[in-house]
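One structure is given below, encoded as structure tokens.
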Amino acid sequence: MRDVIVIEPGHRERYYWRELWQFRELFAALALRDLSVRYKQTAIGVLWAVIRPLLTVVVFTIIFGRLARLPSTGNVPYPLMVFIGMLPWTFFGTGLAEAGNSLIASSNLISKVYFPRMVVPCATLVVAFADFVINLTILAVLMFWYGALPAPQLVFLPVFMVVGWIATLGPALWIAAVTVKYRDFRFVTPFIVQFGLYVSPVGFSSSIVPEHWRLLYSLNPMASVIDGFRWCFLGNQSPVSWPGVALGSAVAAFLLWFGISQFRKMEKSFADLI
11 MRDVIVIEPG HRERYYWREL WQFRELFAAL ALRDLSVRYK QTAIGVLWAV IRPLLTVVVF
71 TIIFGRLARL PSTGNVPYPL MVFIGMLPWT FFGTGLAEAG NSLIASSNLI SKVYFPRMVV
131 PCATLVVAFA DFVINLTILA VLMFWYGALP APQLVFLPVF MVVGWIATLG PALWIAAVTV
191 KYRDFRFVTP FIVQFGLYVS PVGFSSSIVP EHWRLLYSLN PMASVIDGFR WCFLGNQSPV
251 SWPGVALGSA VAAFLLWFGI SQFRKMEKSF ADLI
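Numbering (the working numbering), first residue to last: 11 to 284.
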């Protein structure tokens, strides 16, 4: 029996998400490629995934903990509090940085073969997740070092991980699409990540934010994710504002919708612009 090719207006648009699933093997291949070249030809390789957050923890401990004397949360050692905050933030920052240049780095593939372009930036998040898993192991060592036991709330960690993925994927798709047209964003993205690091509760506890500003502060979805991570690991020593979590999750969902919609609008022009 011969295969029948159906040509109809809007066919590709209608079945875009089905095609995205059909190209899952390409997603896996791109993710493995990104993982293999991540630390290729570097002197210490995968240790960079450990050194960067640890150095950030040292800097934050000296500046915010010793000089500014910002309080930790509960009786938690300050470096441990900071490192827990670094877990989701490192995933977010790495995801934005990798996704931003992903389409340009895959220009040869995009200009020659059709496939849902969303596969490319989504695959880069696997690299960010690999770094996350490595840092999760380092956190286990730190908690053992400080004699801190995980709280029972740890079972809710996957929920905040999902919110973190959503909060990362939306902006990552938008930045990846915009960078194709405006290459300046290759320089803007690191600045956004660095600025966000200092305004998010990574080096300090959200408890220092005045109560009447707490909901406004929760418009930063990563603030709720970071607070949720600390609550999962530290329990009641690091309480979480549930209205803030709800608002931050809603903002993350909006950013995901916005990122997907803008990516889809610009996707048709990628091959020409690249």
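Backbone N, C-alpha and C fix where the C-beta goes; we use that ideal spot for every residue, glycine too.
- Within 10 angstroms of the beta-carbon of T147 lie fewer than 16 other beta-carbons, which makes it exposed.
- With respect to the C-alpha of C132, the residue from T104, W252, G157 and F74 having the closest C-alpha is T104.
- Residue ranges of uninterrupted beta strand (DSSP E) with 3 or more members are absent from the segment 105-183; none lies entirely inside it.
- Annotation for A182: G105, L106, A109 and P131 place their beta carbon closer than 6 angstroms to its own, counting only its chain and skipping 5 residues before and after.
- Within the same chain, Cβ atoms closer than 8 angstroms to the Cβ of V169 are found at G238, the five residues on either side in sequence being excluded.
- For R28, the enclosing alpha helix (DSSP H) begins and ends at Y26 to Q32.
- Under the three-state reduction of DSSP output, N230 falls in the coil class, being neither helix nor strand.
- Around the CB of P126, 16 or more other CB atoms lie within 10 Å, so the residue is classed as buried.
- Of the residues assessed, S46 falls on the exposed side of the cut-off, its CB having fewer than 16 other CB atoms within 10 angstroms.
- A distance below 7 angstroms between beta-carbons, with the five flanking residues on each side excluded, links V67 to the following residues of its chain, in chain order: P89, V92, F93 and M96.
- Counting C-beta pairs closer than 8 angstroms gives fewer than three between the segment 142-162 and the segment 227-234, which falls short of the contact rule.
- Between the beta-carbon of V129 and that of L36 there is about 6 angstroms, and that keeps the pair under the 8 angstroms contact cut.
- For W223, there is no enclosing alpha helix (DSSP H), since its DSSP letter is neither H nor E.
- The count of Cβ pairs closer than 8 angstroms, one atom from the segment 182-195 and one from the segment 246-256, stays below three, leaving the stretches out of contact.
- Taking F101 as reference, the option from R43, W155, A158 and F142 with the minimal CA-CA separation is F142.
- Burial is judged here by how many other beta carbons sit within 10 angstroms of a residue's own beta carbon; D44 has at least 16 and is buried.
- K275: member of the alpha helix (DSSP H) spanning W252 to M276, first to last residue.
- Annotation: Q247 to D194 spans about 43 angstroms, alpha carbon to alpha carbon.
- In the three-state scheme derived from DSSP, where H, G and I count as helix and E and B as strand, I185 is classed as helix.
- Here N145 is buried. Its C-beta has 16 or more other C-beta atoms within 10 Å.
- Judged by pairs of C-beta atoms under 8 angstroms, the segment 211-231 touches the segment 258-272, as three or more such pairs exist.
- The DSSP-derived three-state label of S216 is helix.
- Between A161 and F243, the beta carbon gap of about 6 angstroms places them in contact (Cβ cut-off 8 angstroms).
- For S82, the secondary structure class from DSSP, reduced to helix, strand or coil, is coil.
- In the displayed model, P89 falls within a helix according to three-state DSSP.
- By the Cβ-count criterion, I236 is buried, with 16 or more other Cβ atoms from all chains shown falling within 10 Å of its own Cβ.
- The Cβ atoms of T199 and L135 lie no closer than 8 angstroms to each other.
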